[in-house]
Every structure is written in C-alpha cells, then in structure tokens.
Amino acid sequence: MIERARRGDMQAYGELVQRYQEVALRTALVVGTEPHEAEDATQEAFVRAYRALGRFREGAPFRPWLLRIVANEARNRRRSSGRRAGLAVRVAEDRPSIDAAPSPEAAVLAKEMRQSLLDAVRVLDEPDRLVLAYRYFFDLSEAEMADALAVPRGTVKSRLSRAMSRLRAGFPESAR
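Take the sequence shown: its letters are residues 279 to 454, numbered as in the numbering used here.
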C-alpha cells in the first residue's frame, strides 16, 4: 500500500490515513496540544508525510516514520501558539472499560487509581510522556520507538527506564 501511495495512488494513501488516524491523533495529544490543535496537527502531518513519501526509506516501518512527523508537527504548533498544554493522555481517560459491569466499589477504586496515574504522568516532561505513550498506549516495539524518536535503541531503553522511575516517584505509594 505504501508503494502504491508513493507512486501517487491517492486511494492507497487514503487507506494509510484511515489506518493510522487514531494513533496519530493520540500522539499529537500526548505531545501536549489541545484537542482541536491535535486534530489540526494530525491533518497537517498527514499532508507533510504525503509530500515526503519520496524520502521514505523503502522497507522501513511506516508507523514510526509517520509518528515522528506527527510529534514534530504537534510540537511546532504548541511552540508557535505560545501555550503550554498539559498532558493529553486524555486518551486513557476516554477509553471504555472492557470489564463486564464492575462492582460500584471496584469502579470507584479503578477511577481513583486511573486518576492518580494520570496525575503522575501529567507532571512528567514531554520526552518522558512520549516514550511512555509510545510503549504503553501505542504498543510500539523498541525498534519502532527508536525510529519514531530518531534515537538508537539503547537510548530508547534508558529513556523508558528513567521515565518509569520518574513516574514511580510521582505516583502515590498508596496507589501502587
């Protein structure tokens, strides 16, 4: 499909957009843009990616390449707007529970635990939020994360480890 898009097949590129739209939007949200800005950043990133398809390395994974473009566009928009948005791991807040009708007590505890985790993640710096989101929200492999972040695999491992340490330090002991 990528090769067809590289040859100018708009339908193939439309299928790529459809396939990666959600993860691209979530990436823009994690970078810290407001929801409406994240949508704009995602749309512009898809346009930029289309224009850059000629530079896409044949055989390379598409998703990390695209997510790097999305993250850069979202970062640029956040900087240019002069606003510092909070973490938008609202993605996690909006995810429906897959458990079948939890008890009221379990639901309250789960909500408190989720809120504690989100509060701890929100105070992390963007690089920490991004590496955690790529790994735990988007299920990227270390190799894909390295591509998306444009760093060596060893750097991904160390960044992930440090981000997890900082997250644990900010997470209330009672919630662990």
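Ideal Cβ positions, reconstructed from N, Cα and C, are used throughout, including at glycine.
Buried versus exposed call for residue i [16 or more other C-beta atoms within 10 Å across all chains shown]
{"i": "residue 342", "result": "buried"}
{"i": "residue 387", "result": "exposed"}
{"i": "residue 383", "result": "exposed"}
{"i": "residue 406", "result": "buried"}
{"i": "residue 355", "result": "buried"}
{"i": "residue 308", "result": "buried"}
{"i": "residue 310", "result": "buried"}
{"i": "residue 385", "result": "exposed"}
Per-residue DSSP class, three states only, for residue i
{"i": "residue 279", "result": "coil"}
{"i": "residue 349", "result": "helix"}
{"i": "residue 478", "result": "Residue coverage of the chain in this structure runs from 279 to 454, which leaves residue 478 outside it and unanswerable."}
{"i": "residue 419", "result": "coil"}
{"i": "residue 334", "result": "coil"}
{"i": "residue 425", "result": "helix"}
{"i": "residue 401", "result": "coil"}
{"i": "residue 285", "result": "coil"}
{"i": "residue 381", "result": "coil"}
{"i": "residue 312", "result": "coil"}
{"i": "residue 342", "result": "helix"}
{"i": "residue 368", "result": "Confidence is the limiting factor: at residue 368 the pLDDT is only 40, short of 50, which leaves the residue's position unreliable, though a coordinate-based value still follows. If DSSP states are grouped into helix, strand and coil, residue 368 belongs with the helices."}
8 angstroms contact criterion, which residue i and residue j should meet: CB distance rounded
{"i": "residue 441", "j": "residue 410", "result": "5 angstroms"}
{"i": "residue 327", "j": "residue 344", "result": "5 angstroms"}
{"i": "residue 339", "j": "residue 425", "result": "6 angstroms"}
{"i": "residue 297", "j": "residue 415", "result": "About 17 angstroms separates the two Cβ atoms, so there is no contact after all."}
{"i": "residue 398", "j": "residue 448", "result": "4 angstroms"}
{"i": "residue 322", "j": "residue 351", "result": "5 angstroms"}
Neighbourhood of residue i by C-beta, 8 angstroms cutoff - its chain only, sequence neighbours within 5 removed
{"i": "residue 432", "result": "none"}
{"i": "residue 444", "result": "402 and 406"}
{"i": "residue 346", "result": "425, 426, 427 and 428"}
{"i": "residue 279", "result": "290, 293 and 294"}
Close beta carbons around residue i, own chain, < 7 angstroms, minus the five adjacent residues each side
{"i": "residue 283", "result": "290, 291, 294 and 331"}
{"i": "residue 286", "result": "none"}
{"i": "residue 435", "result": "420"}
{"i": "residue 438", "result": "409 and 413"}
6 angstroms Cβ shell around residue i - same chain, five flanking residues per side excluded
{"i": "residue 302", "result": "320 and 348"}
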